[in-house]
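Residue numbers (the working numbering): 242 to 872.
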């Protein structure tokens, strides 16, 4: 299999693992900290605006907040904007003279780490009322658009690893021939260009929660190009254009410098390494600027750590793919010096991965409780186990590399760093010299000729990996690549999961906000007793919806939408988990509605509320709903 085909196979394997591994939809990375008016509150007068504060910075569009009247009419008096210059707070002005009733706020924003979130809440003016406002219960991300976006993200991670890793292998490890790796570098570049362009198109439907059919919507494309994730993707395309020029010039220079019978790769000039390093750092920065590192605590340090982590991963994993490609190309000789250089490079990469990984884990978790109590923590544990397995596979590779280095005395030329099996033969006193190394038909020979072609005594041919050890090294490197792909998949899933620290802070913020704001719970329950005209809805208002004394009002709404009278309404509450109830609310007819002011609920929890509506002496129906009672 050619190098480009192996690259495509690696990307395909990555996508397959994503599809079969059950990588779910991206979790919300921000949450509502506070709303004004508060959820479920009943106001005496109409508010001038609706304000929402989140646990981190959010991106908005003109209609990020939609306020709907009981008749499902929009009452926004203007566009959504950030409140008082705060990036974590948004607001929208409301029309004057809003009538009494229950209003619905439907919201949709984008977290600082580029993941969209959405939801809805209600508040009432005067007293709660029936509302016909329709709010979609669909997830924040359309499943089809989310799947396409995630596949492109996975492929982009694989491509950047191939591009940076294979190029670094050629420049730093200096294999005898770079020809087998050119296809690998080209494949990495093309796949990264294609996935970046795809992400630019998928970003709009992903953010808005629309299907793939809106892929080419000019408005969505414009929104993407003016957003921070869009800027990062555009910067990535610009850097890839620079990388293309760099790689072409590098290839021409290498071809000119390696002309000759031995085709030895020379050490690249410092300026070449510097330019390549700047391009690699820039590419890594386009990821750090649009994901977890760009939000939360210690952002500058986190972004630096994220870039180093990505670069170390690319150098190690992409380098392994390059080494495996070279080992599988029987016509390409691989010197033991190149293997030893990569061994040292891989060790340095692992050290960087461990250090940055420990920091990122601490930043993402925040506490030991988050290790097993959050999705992020559990996925991180799986990644750590996979990394341990990867390090074990790397240990076998290093063992074979050490055997190459220690098997025979090193050659005498430090520049070549030639290690491994002793080069057979030496320069004779006459004309012509030959040397051979390895087995299984792998050999090198110095050109025979007159004295002008002889090498000086202090020089020798590079030693190449012998066949038997080449096969063992190939197998251990293949094991590293397979486990490494799994680690890469888990890492990509981790970047799409809400950090444990944020999940715990979000839960605490939601509990605090609910405890401080909620003053009423409104439940609308349809019913049908099975007789003509026996359909309707019962609206139950529970205030304040907390432990202790509560007031209940139950209103029956008939088929025509007007208030209806019934002979009886019974209401009871049961907390099955604590074996409490049923507690009878003891509703009485208040003239137009049924109610009580003495319902006592002893402990918090999710209770089952059962309502029975009797419409005649013999016709009645019971319905149940779950309600949350706060502390």
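From the three backbone atoms N, C-alpha and C, an ideal C-beta is built for every residue, glycine too.
Legend entry - Other residues of its chain near residue 869: CB distance less than 6 Å, five sequence neighbours each side excluded: As a first step, residue 869 must be located in the chain shown, where it is residue number 628. 847, listed in sequence order.
Inset, instruction - With distances taken Cα to Cα, identify the nearest neighbour of residue 287 among 471, 720, 334, 813. - result: By one-based count along the chain shown, residue 287 stands at place 46. Residue 287 has its Cα closest to that of 334, out of 471, 720, 334, 813.
Legend entry - Element boundaries [alpha helix (DSSP H), containing residue 464]: Along the chain shown, one-based indexing puts residue 464 at 223. Element bounds for residue 464: 459 to 466.
Inset, instruction - Taking all protein chains shown into account, decide if residue 603 is buried (16 or more other Cβ within 10 angstroms of its Cβ) or exposed. - result: Sequence index remark: in the chain shown, residue 603 carries index 362 (1-based). Exposed, by the Cβ-count rule.
Legend entry - Option in 339, 330, 295 with minimal Cα separation from residue 312: Stepping through the chain shown from its first residue, residue 312 is reached at position 71. The residue with the shortest Cα to Cα distance from residue 312 is 339.
Legend entry - Cβ-heavy atom distance, residue 328 to the ligand FMN, below 6 Å: Here there are no bound small molecules, and the ligand FMN is not part of this structure.
Inset, instruction - Determine, using beta-carbon pairs with one atom in the region 397 to 405 and one in the region 319 to 336, whether at least three such pairs fall under 8 Å. - result: no
Inset, instruction - In angstroms with no decimal places, state the Cα-to-Cα distance between residue 348 and residue 277. - result: Counted from its first residue, the chain shown places residue 348 at position 107. Counted from its first residue, the chain shown places residue 277 at position 36. Computed Cα separation, rounded: 13 Å.
Inset, instruction - Starting from residue 861, follow the beta strand (DSSP E) in both directions and report where the run begins and ends. - result: As a working mapping, residue 861 is identified with position 620 in the chain shown. Start and end: 861 to 870.
Inset, instruction - Pull up the distance between the alpha-carbon of residue 488 and that of residue 724, whole angstroms please. - result: Translated into positions along the chain shown, residue 488 becomes position 247. Translated into positions along the chain shown, residue 724 becomes position 483. So the two alpha carbons sit approximately 29 Å from each other.
Inset, instruction - Can you grab the Cα-Cα spacing for the pair residue 304 / residue 290, in whole Å? - result: Your numbering for residue 304 matches position 63 in the chain shown. Your numbering for residue 290 matches position 49 in the chain shown. Residue 304 and residue 290: Cα-Cα distance of roughly 14 Å.
Inset, instruction - Mind reading off the beta-carbon distance from residue 514 to residue 412? Whole number of angstroms is fine, and I expect it under 8 Å. - result: The count along the chain shown starts at 1 and reaches residue 514 at position 273. The count along the chain shown starts at 1 and reaches residue 412 at position 171. That belief holds up - the Cβ atoms of residue 514 and residue 412 are roughly 6 Å apart, short of 8 Å.
Legend entry - Bridge-paired residues (DSSP) for residue 317: Position 76 of the chain shown, counted from the start, is the residue given in the question as residue 317. In the DSSP output, where bridge partners are listed per residue, residue 317 has 335.
Inset, instruction - Measure the C-alpha to C-alpha separation of residue 677 and residue 407 and round it to an integer number of angstroms. - result: On the chain shown, position 436 is the one that residue 677 refers to. On the chain shown, position 166 is the one that residue 407 refers to. Note that residue 677 has pLDDT 34, beneath the 50 cutoff, so the model's placement of it is unreliable and no number is given.
Inset, instruction - Count the other C-beta atoms from every protein chain shown that fall within 10 angstroms of the C-beta of residue 735, then say buried if there are 16 or more, exposed otherwise. - result: In the chain shown, the residue the question calls residue 735 occupies position 494. Classification of residue 735: buried, given that the 10 Å Cβ count is 16 or more.
Legend entry - Cα-Cα separation between residue 522 and residue 626, rounded to whole angstroms: One-based indexing of the chain shown puts residue 522 at position 281. One-based indexing of the chain shown puts residue 626 at position 385. Distance between the alpha carbons of residue 522 and residue 626 is about 28 Å.
Legend entry - The alpha helix (DSSP H) enclosing residue 391, as first and last residue numbers: The count along the chain shown starts at 1 and reaches residue 391 at position 150. Unbroken alpha helix (DSSP H) run through residue 391: 384 to 409.
Legend entry - For residue 474 and residue 275, the rounded distance between their alpha carbons: Position 34 of the chain shown holds residue 275. Position 233 of the chain shown holds residue 474. C-alpha separation (whole angstroms): 32 Å.
Inset, instruction - Return the CA-CA distance between residue 309 and residue 363, expressed in angstroms with no decimal places. - result: Position 68 of the chain shown, counting from 1, holds the residue named residue 309. Position 122 of the chain shown, counting from 1, holds the residue named residue 363. So the alpha carbons of these two residues sit roughly 9 Å apart.
Inset, instruction - Would you give the residue range spanned by the alpha helix (DSSP H) that residue 557 belongs to? - result: Locating residue 557 in the chain shown gives position 316, counting from the first residue. Start and end: 540 to 569.
Inset, instruction - Could you tell me which residues DSSP pairs with residue 632 in its beta bridges? - result: Along the chain shown, one-based indexing puts residue 632 at 391. BP columns for residue 632 are empty, so no partner.
Legend entry - CB contact flag (residue 840, residue 793, <7 Å): To locate residue 840, count along the chain shown from 1; it is residue 599. To locate residue 793, count along the chain shown from 1; it is residue 552. In contact: residue 840 and residue 793 (Cβ atoms closer than 7 Å).
Legend entry - Buried or exposed (CB count within 10 angstroms, at least 16 for buried), residue 446: Here residue 446 corresponds to residue number 205 of the chain shown, with the count starting at 1. So residue 446 counts as buried.
Legend entry - Through-space distance from residue 326 to residue 845, alpha-carbon basis: Start at 1 with the first residue of the chain shown, and residue 845 comes out as number 604. Start at 1 with the first residue of the chain shown, and residue 326 comes out as number 85. Cα-Cα distance, rounded: 38 Å.
Inset, instruction - Just the C-alpha distance for residue 828 and residue 810, rounded to the nearest angstrom, thanks. - result: Residue 828 sits at position 587 when you count from the first residue of the chain shown. Residue 810 sits at position 569 when you count from the first residue of the chain shown. Cα to Cα, residue 828 sits roughly 7 Å from residue 810.
Legend entry - residue 578 (DSSP reduced to helix, strand or coil): On the chain shown, residue 578 is found 337 positions in, with the first residue counted as 1. The answer is helix: DSSP assigns residue 578 an H, G or I state.
Legend entry - Spatial distance of residue 423 from residue 479 (CA atoms): Here residue 423 is taken as the residue at index 182 of the chain shown, counted from 1. Here residue 479 is taken as the residue at index 238 of the chain shown, counted from 1. Computed Cα separation, rounded: 21 Å.
Legend entry - Spatially closest choice to residue 360 from 370, 382, 353, 369, by CA coordinates: For the purposes of this step, residue 360 is taken as the residue at position 119 of the chain shown. Of 370, 382, 353, 369, the residue nearest in Cα terms is 382.
Inset, instruction - Grab me the residues of residue 433's own chain with a C-beta within less than 7 Å of its C-beta, minus the 5 sequence neighbours each way, in chain order. - result: The residue labelled residue 433 in the question sits at position 192 within the chain shown. Once the five neighbours on either side are set aside, the close Cβ partners of residue 433 are 397, 400, 401, 404, 481.
Inset, instruction - If I'm right that residue 315 touches residue 307 with Cβ under 8 Å, what's the distance once you round it to whole angstroms? - result: For this step, residue 315 is matched to residue 74 along the chain shown. For this step, residue 307 is matched to residue 66 along the chain shown. That belief holds up - the Cβ atoms of residue 315 and residue 307 are roughly 6 Å apart, short of 8 Å.
Inset, instruction - Classify residue 665 as helix, strand or coil using the three-state DSSP reduction. - result: Position 424 of the chain shown, counting from 1, holds the residue named residue 665. For residue 665, the pLDDT reaches just 37, beneath the cut-off of 50, and the residue's location in the model is therefore unreliable, leaving the point undetermined.
Inset, instruction - With DSSP as the reference, please indicate the residues paired to residue 858 in a beta bridge. - result: Working through the chain shown from its first residue, we reach residue 858 at position 617. Its beta-bridge partners do not exist; DSSP assigns none.
Legend entry - Residues sharing a beta bridge with residue 330, DSSP: As a first step, residue 330 must be located in the chain shown, where it is residue number 89. Residue 330 is bridged to 294.
Inset, instruction - Could you tell me whether the Cβ atoms of residue 470 and residue 355 are closer together than 7 Å? - result: Your numbering for residue 470 matches position 229 in the chain shown. Your numbering for residue 355 matches position 114 in the chain shown. In this structure, residue 355 lies closer than 7 Å to residue 470 by Cβ.
Inset, instruction - Could you spell out where the beta strand (DSSP E) holding residue 842 opens and where it closes? - result: Indexing the chain shown from 1 puts residue 842 at position 601. Note, residue 842: beta strand (DSSP E), 835 to 842.
Inset, instruction - Let me know if residue 718 comes out buried or exposed under the rule of 16 or more other beta-carbons within 10 Å of its beta-carbon. - result: Numbered from 1 along the chain shown, position 477 holds the residue referred to as residue 718. Buried, since its Cβ has 16 or more Cβ neighbours within 10 Å.
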